[in-house]
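One structure below.
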Amino acid sequence: MSDNPVLVWFRRDLRLSDNPSLHSAIKRSIETGTEVIPVFIYSPEEEGAWTPGEASNWWLHHSLLSLATRIEEKGSKLIIRRGGAKQILFDLVKETGATSIFWNRLYESEIISRDTGIKDALTKAGIEAKSFNGALLKEPWTFKNQSGKPFQVFTPFWRALQKVLEIPETLPEPLDILHYNRTCSSLKVEELSLLPKIKWDRKFYETWKPGEVNAQIELDKFLSSFVDDYGSARDIPSVRGTSRMSPSLHFGEISPGQIFSSVNRLKINASSGVEHYLREIGWREFAHHLLVHFPHTPLEPLRPNFKNFPWANDPKSLLAWQQGKTGYPIIDAGMRELWATGWMHNRVRMIVSSFLVKDLLISWVDGAKWFWDTLVDASLASNTLGWQWSGGCGADAAPFFRIFNPITQGEKFDSNGEYVRKWIPELSNLPNKFIHKPWEAPDNILKSAGVTLGESYPLPIVDHSLARTRALRAFDKVKAAN
DNA sequence: TGAAATGTTGGGGCG
DNA sequence: ACGCCCCAACATTTC
1 MSDNPVLVWF RRDLRLSDNP SLHSAIKRSI ETGTEVIPVF IYSPEEEGAW TPGEASNWWL
61 HHSLLSLATR IEEKGSKLII RRGGAKQILF DLVKETGATS IFWNRLYESE IISRDTGIKD
121 ALTKAGIEAK SFNGALLKEP WTFKNQSGKP FQVFTPFWRA LQKVLEIPET LPEPLDILHY
181 NRTCSSLKVE ELSLLPKIKW DRKFYETWKP GEVNAQIELD KFLSSFVDDY GSARDIPSVR
241 GTSRMSPSLH FGEISPGQIF SSVNRLKINA SSGVEHYLRE IGWREFAHHL LVHFPHTPLE
301 PLRPNFKNFP WANDPKSLLA WQQGKTGYPI IDAGMRELWA TGWMHNRVRM IVSSFLVKDL
361 LISWVDGAKW FWDTLVDASL ASNTLGWQWS GGCGADAAPF FRIFNPITQG EKFDSNGEYV
421 RKWIPELSNL PNKFIHKPWE APDNILKSAG VTLGESYPLP IVDHSLARTR ALRAFDKVKA
481 AN
């Protein structure tokens, strides 16, 4: 009476609740008594040029452990394998007699073509292959602007999305998962070697709690206490003012639909804080919209005239930026937070990226690659959008001449220097007046704060005022080519 | 989801 | 009292 098993192929949807592919499989299981086999395949080489970095892999490791445990609590077992996805899926079909494979869609071009190929091959082989939307409020091809083209400006995109969006009914997590009883070999999570060989990840453990259950707890905490002040607190990096949900969203420990419905469930009055926050979820949607419609943008500027931009080849400055040794405290604090925790506050991301692109004239692509390697929330869609925004070469981007002043940004958003002191302890005894510009401090103040510029903390690697003028001159070449 | 340069206004010191 | 200048404060423009 029972049908052949159905495989649920987990990818970046590492949750049991509101998971459409899992939910469909469970539904079938309840109706026909068929077994459900949850599978995770580790195949980083199939992600094209954008192989996940070590910080991202750290998160994946712990998220997989959490998912595996949750699946065991439901009476089943997560099968983990490593290698080419297509081959492994066909192997599993052969081993288990499965006749259906369900998964949730991803949006990177290499992965889209891989998955399309897999779907075709499975269908040709008589296997039912079904994919679902498990990561977005509205998928990029389901709506367009009035002239029938993809959106390139956020505000009309967001308006249109909200218009077509019905607040999603989230799907419940399964009560149990009917276990596949015969043996089916699986790697242990540890055997994927996702954790760093050198133990630089100590701070990650104090900072993050990966996994679906923790994601829900963190979201509830944010929505019930922090979100009211989100509008202003989100700009202060020393304050816990943002949701910090980006890694959980990236790995699908939580869905954007769950965030929307949590807002409803907690009956949060439509304060400006909530509006601002949901708008950020909108930016995540916008990023996916752009990535799907303009798949070349991870490496190429959306605005073609920026191909002529005279970027500097300056490995020394790039290294100083990466290591947080530029001599500008707000920049260095951000870069050190990134290195230590795999994350950087969004306001500071904007400041450091403006500095790389405009003060150092280093290509936004180099910045994107560094963030890709070091962020736990590295997402091709969001990373690309953010860097093209900063580079002035993307959709709805900051105009190139909008050049952040690292001193005034620091004084504005870290006025008491708390963020800088946390990440640059060697400056912690400087008075507020000089915390964002130590080179202006008189010798006696530097001395009593124990700071020796050029030794204990670097002198600025560029003069911002000169760098600003230089950037505007460089931009002239793009304008001329326009 | 900037910053700097330039322009305008108005109060107050001063001859 | 008046015009003149200075300059802070704010507004607008430009990059």
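The numbering of the first sequence is our numbering, which starts it at 1 and goes up by one. All residues carry an ideal CB built from backbone N, CA and C; glycine is no exception. Predicted, not measured: the structure shown is a model, and the values here were computed from it.
**Item:** Of the listed residues E54, G327, I41 and I445, nearest to K197 (C-alpha basis)
**Value:** Within the first sequence, the letter at position 197 stands for residue 197. For K197, the nearest C-alpha among the options comes from E54.
**Prompt:** Between K79 and I362, what straight-line distance do the alpha-carbon atoms span, to the nearest angstrom?
**Reply:** The residue labelled residue 79 in the question sits at position 79 within the first sequence. The residue labelled residue 362 in the question sits at position 362 within the first sequence. The sequence given here has Ile at residue 79, not Lys. Straight through space, the alpha carbons of I362 and I79 are spaced by roughly 44 Å.
**Item:** Three-state secondary structure (DSSP) of K437
**Value:** Your numbering for residue 437 matches position 437 in the first sequence. Here K437 sits in coil by DSSP.
**Item:** Coil, strand or helix - E495 by DSSP
**Value:** Because the chain here runs from 1 to 482, residue 495 falls outside it and cannot be looked at.
**For S100, the residue or residues it bridges with in DSSP** = Position 100 of the first sequence holds residue 100. S100 is bridged to V6 and E128.
**Item:** Touch test, the region 29 to 41 against the region 126 to 139, Cβ-Cβ under 8 Å, three pairs minimum
**Value:** Counting C-beta pairs closer than 8 Å gives fewer than three between the region 29 to 41 and the region 126 to 139, which falls short of the contact rule.
**Asked** If you drop the 5 nearest sequence neighbours on each side, which residues of the same chain put their C-beta closer than 8 Å to that of A312?
**Response** Locating residue 312 in the first sequence gives position 312, counting from the first residue. Once the five neighbours on either side are set aside, the close Cβ partners of A312 are L360, L361 and I362.
**Prompt:** Since V352 is in the alpha helix (DSSP H), which residue starts that stretch and which ends it?
**Reply:** If you number the first sequence from 1, residue 352 lands on position 352. That run of the alpha helix (DSSP H) goes N346 to S354.
**Request:** Excluding the 5 residues preceding and the 5 following Y277 in the sequence, name in chain order all residues of the same chain whose CB lies nearer than 6 Å to its CB.
**Result:** Walking along the first sequence from the start, residue 277 turns up at place 277. Contacts found: V227 and Y230.
**Range covered by the beta strand (DSSP E) that runs through R81** = Within the first sequence, the letter at position 81 stands for residue 81. Counting along the chain, the beta strand (DSSP E) containing R81 begins and ends at I79 to R82.
**Request:** Report all residues from its chain with a CB closer than 8 Å to the CB of M1; omit the five preceding and five following residues, and keep chain order.
**Result:** Taking the first residue of the first sequence as position 1, residue 1 is located at position 1. Residue placement at M1 is poorly supported in this model, since its pLDDT is 43, which falls under 50; the coordinates still yield a value, given next. Once the five neighbours on either side are set aside, the close Cβ partners of M1 are T32 and G33.
**Prompt:** Of the residues L266, S66, D115 and E46, which one's Cα is nearest the Cα of R82?
**Reply:** What you label residue 82 is simply residue 82 of the first sequence in a count that begins at 1. Taking only the C-alpha atoms, the option nearest R82 is E46.
**Item:** At least 3 beta-carbon pairs within less than 8 Å: the region 204 to 215 vs the region 91 to 109
**Value:** At 8 Å Cβ cutoff, the stretches do not touch.
**Item:** Sub-8 Å separation of I330 and Q409 beta-carbons
**Value:** As a working mapping, residue 330 is identified with position 330 in the first sequence. As a working mapping, residue 409 is identified with position 409 in the first sequence. Closer than 8 Å, so yes.
**Prompt:** First and last residue of the alpha helix (DSSP H) that includes Y205?
**Reply:** Taking the first sequence and counting its residues from 1, the one referred to as residue 205 is at position 205. R202 to T207 is the span of the alpha helix (DSSP H), which, as asked, contains Y205.
**Message:** Let me check understanding here. Comparing Cα to Cα, which of D377, L122, F355 and G273 lies closest to A471?
**Reply:** As a working note, residue 471 is residue 471 in the first sequence. Residue F355 is the option with its Cα nearest to A471.
**Request:** Counting only runs of 4+ residues fully inside the region 362 to 414, write out the alpha helix (DSSP H) ranges in chain order.
**Result:** Within the region 362 to 414, the complete alpha helix (DSSP H) runs of at least 4 residues are 364 to 374, 380 to 391 and 406 to 413.
**Asked** With distances taken between CB atoms, is the gap from P310 to K77 smaller than 8 Å?
**Response** Within the first sequence, numbered from 1, the residue matching residue 310 stands at position 310. Within the first sequence, numbered from 1, the residue matching residue 77 stands at position 77. Not a contact, by the Cβ cut-off of 8 Å.
**Segment limits, alpha helix (DSSP H) that includes Y419** = Position 419 of the first sequence, counted from the first residue, corresponds to residue 419. From DSSP, the alpha helix (DSSP H) with Y419 extends over E418 to W423.
**Message:** For a quick check, are the C-beta atoms of P38 and V8 less than 8 Å apart?
**Reply:** Taking the first residue of the first sequence as 1, we reach residue 38 at position 38. Taking the first residue of the first sequence as 1, we reach residue 8 at position 8. Yes.
**Request:** Take the Cβ of W387 as the centre, count every other Cβ of all protein chains shown within 10 Å, and call the residue buried at 16 or more, exposed below.
**Result:** Within the first sequence, the letter at position 387 stands for residue 387. So W387 ends up on the buried side.
**Message:** Contact defined as beta carbons within less than 8 Å: I believe A368 pairs with N346. What is the distance between those atoms, to the nearest angstrom?
**Reply:** Translated into the one-based positions of the first sequence, residue 368 becomes position 368. Translated into the one-based positions of the first sequence, residue 346 becomes position 346. Wrong, their Cβ atoms sit about 15 Å apart, outside the cutoff.
**Asked** What do you reckon, are the CB atoms on P298 and D414 nearer than 8 Å?
**Response** In the first sequence, the residue the question calls residue 298 occupies position 298. In the first sequence, the residue the question calls residue 414 occupies position 414. No, the pair does not count as a contact, with Cβ atoms beyond the cut-off.
**Local Cβ density within 10 Å of P152, reported as buried at 16 or more and exposed below that** = By one-based count along the first sequence, residue 152 stands at place 152. It should be noted that the sequence gives Gln, not Pro, for residue 152. It counts as buried.
**Asked** So, helix, strand or coil for G36, using DSSP?
**Response** Within the first sequence, numbered from 1, the residue matching residue 36 stands at position 36. According to the sequence as given, residue 36 is Val; it is not Gly. Correct three-state label for V36: strand.
**Asked** Given K138, which residues of its chain have a CB within under 8 Å of its CB, disregarding the five upstream and five downstream residues?
**Response** Reading the first sequence from its first residue, position 138 is the one you call residue 138. Excluding residues within five positions, the ones whose Cβ falls inside 8 Å are L161, V164, L165 and E285.
**Request:** Quick one: measure Cβ to Cβ for W372 and W50, integer angstroms, because I've assumed they're closer than 8 Å.
**Result:** Counting from one through the first sequence, the residue named residue 372 turns up at place 372. Counting from one through the first sequence, the residue named residue 50 turns up at place 50. A Cβ-Cβ distance of about 6 Å is found for the pair W372 and W50, placing them in contact under the 8 Å criterion.
**Asked** Taking the alpha-carbon positions, what's the R28 to E173 distance?
**Response** The sequence position of residue 28 within the first sequence is 28, counting from 1. The sequence position of residue 173 within the first sequence is 173, counting from 1. Approximately 14 Å between the Cα atoms of the pair.
**Request:** Using DSSP bridges, identify the partner residues of I41.
**Result:** Here the question's residue 41 lines up with position 41 in the first sequence. Residue pairing by DSSP places I41 opposite R81 in a beta bridge.
**Message:** I need the DSSP call for L319, collapsed to helix, strand or coil.
**Reply:** Here residue 319 corresponds to residue number 319 of the first sequence, with the count starting at 1. Correct three-state label for L319: helix.
**Prompt:** Are the beta-carbon atoms belonging to I254 and I26 less than 8 Å from one another?
**Reply:** Within the first sequence, the letter at position 254 stands for residue 254. Within the first sequence, the letter at position 26 stands for residue 26. Cβ atoms of I254 and I26: not closer than 8 Å.
**Request:** Use the C-beta contact count for N416: other C-beta atoms within 10 angstroms, 16 or more gives buried, fewer gives exposed.
**Result:** By one-based count along the first sequence, residue 416 stands at place 416. Exposed: under 16 other Cβ atoms inside 10 Å.
**Message:** Suppose contacts are defined by Cβ-Cβ distances below 8 Å. Is V420 in contact with I435 by that definition?
**Reply:** Stepping through the first sequence from its first residue, residue 420 is reached at position 420. Stepping through the first sequence from its first residue, residue 435 is reached at position 435. Their beta carbons are under 8 Å apart, which means V420 touches I435 by this criterion.
**Asked** How many angstroms separate the CA atom of D13 from the CA atom of F251?
**Response** As a position in the first sequence, residue 13 is number 13, starting the count at 1. As a position in the first sequence, residue 251 is number 251, starting the count at 1. Those two C-alpha atoms are separated by around 6 Å.
**Prompt:** Distance, Cα to Cα, A315 vs V365?
**Reply:** The residue given as residue 315 occupies position 315 in the first sequence. The residue given as residue 365 occupies position 365 in the first sequence. Just to set this straight, residue 315 is Pro in the shown sequence, not Ala. Near 13 Å, if we compare the C-alpha coordinates of V365 and P315.
**Prompt:** Over what stretch of residues does the alpha helix (DSSP H) that includes R265 continue unbroken?
**Reply:** Start at 1 with the first residue of the first sequence, and residue 265 comes out as number 265. For R265, the enclosing alpha helix (DSSP H) covers residues P256 to R265.
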